[in-house]
Each structure stands twice: as C-alpha cells, then as structure tokens.
Amino acid sequence: MSFCMDNAAQYSAVLSSCLMRSLVVPDLETDMVIARLFLMSDVLFNSQSGAKGSARYRSQFEEPLPDVFEHLGRLWLARLQESDADGKLLARAEVAARGILSAWQGWDVFPSVFIGGLESLLLAAAPEPNSDPSLWTAENESDPTLRQKLARWCSEVEPAELRVAARRRGLSGPNLPVAICRLRFCHYERYWHRVSASCSTIADLVEDEVDSVDGESISDGDVGSDEEDSLRTASLEPFLQPVMGMVLSVRASSADIFESRRQTASHS
1 MSFCMDNAAQ YSAVLSSCLM RSLVVPDLET DMVIARLFLM SDVLFNSQSG
51 AKGSARYRSQ FEEPLPDVFE HLGRLWLARL QESDADGKLL ARAEVAARGI
101 LSAWQGWDVF PSVFIGGLES LLLAAAPEPN SDPSLWTAEN ESDPTLRQKL
151 ARWCSEVEPA ELRVAARRRG LSGPNLPVAI CRLRFCHYER YWHRVSASCS
201 TIADLVEDEV DSVDGESISD GDVGSDEEDS LRTASLEPFL QPVMGMVLSV
251 RASSADIFES RRQTASHS
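Counting from 1, one number per residue, gives the positions in the sequence shown under full-length UniProt numbering.
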C-alpha cells in the first residue's frame, strides 16, 4: 500500500489497474482475496491523505469496481457457498466483505447508493450474462411492490437513462450492454427487497420478545455481575467494530488489524 502512495503521482492509473486485475485472477484462495480487498481498501482510504496524486485512486477504482465485485460475488462467494461444508470460511469471507463496505460508508469515499449496488453484486451472485432474461423479469415475481420496481427497469426506462442509473448505483462501468444492465438492476432490486424483508422479520421477532417479557420484574439473580458484563463486552468487541472502520496512517495495514481482532476473538 505504501508503494501505491509513494508512486501515486506518476503511476496511479497503472497501479489501480493492477489492483483491480489481481482480484479477478481465477481460482484465488479466500485468504488471498481478502488480503487483496484489504489492500485495495487501504489504498482507497489513504487516497484522502493528501499525498501527491493519491486522490486519483478513487476515480480510477470507481469505474471497474462493479464488474470486479460482480465477478467476486458470482465466482468467489457463490463457490464458497457450494464448497464450504461447515460454513466457517464463507462466514469469514462475508464478515470481511461487509466490514469493507461498512468502512467505505463511514469514510464517504463513494455515495451510499453506489456502495449499495456494489454490496448487491458482491454478497449475492448476480445472473450470468448469458442467462435467460425471462427468469429475471417482472412477470415471474409474485410480490406486487417488487414486480413494479422490476417492470420499471425492464421496460420503462430508456437505454441512455438506464446506463447512467446503473453507473450511479455501482452496477456497471461505462461499456456494459443495456441487456446486462437490466439484469443487474433486477438483481439489485431483488437483493435489497430480501434485505428489507429480513430486517422487518427481525424487528418483528424483537418486538415479540419484548412483549413477552414486558411487565416482569427482574430478580437480583437475573442481573449479571460487572465482571460478567465486561467479559461479554470483551468477547464481542472484535465483531462489533467494522473490519477497517478506524483512522489509518498512510502506512497502516487493514489486514494486520483484522488478523489481530480475529486472534483476539479466538482467545476470548
């Protein structure tokens, strides 16, 4: 990462391209993908450091990121879902991915709507470019709200407007065919519809749980000691913080930070 900062003024375009291409190398191991995502994210954060030429990294990452994340979501995380028997490696990969996206939200390096599109491509496998469009269009959707959203992107929006909207939402670069833009919009709407439904379900469960204990008194035995509370807080602390949600120096390493927190959690 320091090399990228030190040489940003002259070689930021070349280094950006190398970083993006390093993420789509076939058959990368999960640890290697995570390490490269951390490196890219460190460079992105430190693009705000004021180092000469470093600010260019943001715009140079913005264009290829949708296709890179679509590739990772379809060929990396989707592959882990099929091959990771106990789910531990998949969980670790998803924690890292969500931590990076959360950090970007906090850093304001990209608009929230752009990061939302990247999340939909990374954390859920997008349709294959040559997949049958009829599988993703509104006619096959039973939910009326979602069907209305899909219909808009599939038929109502003009191609030129669709391209602009897809780039703004982090779903495509400048040269993606219109048909693929439509497929990705359908994927985007389905992903966030599922997330919204899931959040509503969790909120309902929490409300039911609160209602079930409402009015019950708490005995002294139900109250944990300060020491127990401290231990609980300490054991959860590595997971409550974003993977990279802290101020980094120009030469800091998010990979080291993440590994340190992972080891702390394993010993808790």
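Even for Gly, the Cβ is constructed at its ideal location relative to N, Cα and C. Given the structure is predicted, the values throughout are model-derived calculations rather than measurements.
Range of the contiguous alpha helix (DSSP H) that encloses Phe-114: 112-123
Beta-carbon proximity of Leu-121 to Glu-70, cut-off 7 Å: yes
With 16 other Cβ atoms within 10 Å as the buried cut-off, status of Arg-194: exposed
Three or more C-beta pairs below 8 Å linking the stretch 46-60 and the stretch 78-94: no
Between the CA atoms of Thr-30 and Leu-80 - distance to the nearest angstrom: 9 Å
Of the listed residues Ala-151, Pro-66 and Gly-106, nearest to Leu-123 (C-alpha basis): Pro-66
DSSP three-state assignment for Met-5, whether helix, strand or coil: helix
Buried or exposed by the 16-neighbour rule on C-beta atoms within 10 Å, applied to Cys-199: exposed
Under 7 Å between C-beta atoms of Arg-169 and Val-113: yes
Helix, strand or coil at Gly-170 according to DSSP, with G and I counted as helix: coil
At least 3 beta-carbon pairs within less than 8 Å: the stretch 99-113 vs the stretch 30-41: yes
Three-way DSSP call (helix, strand, coil) for Glu-29 in this model: coil
Pairwise C-alpha distance: Leu-37 and Ser-142: 37 Å
Residue burial classification, Glu-119 (beta-carbon count within 10 angstroms, cutoff 16): buried
Buried versus exposed, by CB contacts within 10 Å (16 or more), Lys-52: exposed
Three-state class that DSSP yields for Pro-159 in the structure shown: helix
Coil, strand or helix - Glu-63 by DSSP: coil
Separation of Trp-107 from Leu-176, as counted between CA atoms: 28 Å
DSSP three-state assignment for Leu-80, whether helix, strand or coil: helix
Within 7 Å, strictly: CB atoms of Ser-172 and Cys-186: no
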